[in-house]
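S.K.:
Numbering (my numbering), first residue to last: -10 to 101.
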């Protein structure tokens, strides 16, 4: 496994929201600071970091949609998350929280 593969693997995350499961990568500390400084919207943070989902049905993203699960599509997710604050709040918070937690852990390890 290459160093880049190891970095990407270490940044993977899984976020559960009311039975839905979203997968992707947490933000780097730099990204988290930029998001705060630029006041990046929470849906946009989600769009930049989520690369998969499970347990999502068409009816969860489209009024009168089918009750069958749908395959993740970044464009569909982009539209859907913009209308789902019940998704965007917990997802964006976790994406940024993981990067801050990691920075704190690194700082604390250097103090030891």
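Ideal placement from N, C-alpha and C gives every residue a C-beta, glycine not left out.
Every value quoted in this text rests on a predicted model; they were computed, and no experiment measured them.
(1) Hey, could you find the ends of the alpha helix (DSSP H) residue 21 is sitting in?
(2) For residue 30, name the three-state secondary structure that DSSP assigns.
(3) By Cβ distance below 6 Å, which residues in the same chain neighbour residue 9 in space, the five residues on each side in sequence not counted?
(4) Counting along the chain, where does the alpha helix (DSSP H) carrying residue 47 start and finish?
(5) Hey, is the region 70 to 80 in contact with the region 20 to 32, meaning 3+ C-beta pairs nearer than 8 Å?
(6) Where does residue 94 land, buried or exposed, given buried means 16+ other C-beta within 10 angstroms?
(7) Could you name the residues of the same chain whose beta carbon sits closer than 8 Å to that of residue 92, not counting the 5 residues immediately before and after it, in chain order?
(8) Along the chain, where does the alpha helix (DSSP H) that runs through residue 11 open and close?
(9) Since I believe residue 22 is in contact with residue 87 (beta carbons under 8 Å), could you give me their beta-carbon distance rounded to a whole number of angstroms?
M.R.: Let's see:
(1) In the chain shown, residue 21 corresponds to position 32, counting from 1. It spans 18 to 27 - the alpha helix (DSSP H) in which residue 21 sits, taken as one unbroken run.
(2) Position 41 of the chain shown, counted from the start, is the residue given in the question as residue 30. Three-state result, residue 30: coil.
(3) In the chain shown, counting from the first residue as 1, residue 9 sits at position 20. For residue 9, where only same-chain residues beyond five positions count, the Cβ hits under 6 Å are 44 and 45.
(4) If you number the chain shown from 1, residue 47 lands on position 58. Following the DSSP letters along the chain, one finds residue 47 inside the alpha helix (DSSP H) bounded by residues 47 to 50.
(5) Contact between the region 70 to 80 and the region 20 to 32 is present, because at least three Cβ pairs lie under 8 Å.
(6) Within the chain shown, numbered from 1, the residue matching residue 94 stands at position 105. Exposed.
(7) As a working mapping, residue 92 is identified with position 103 in the chain shown. Around residue 92: 18.
(8) Here residue 11 refers to the residue found at position 22 of the chain shown. Boundaries around residue 11 are those of the beta strand (DSSP E), 9 to 14, since no alpha helix (DSSP H) includes it.
(9) If you number the chain shown from 1, residue 87 lands on position 98. If you number the chain shown from 1, residue 22 lands on position 33. Wrong, their Cβ atoms sit about 14 Å apart, outside the cutoff.
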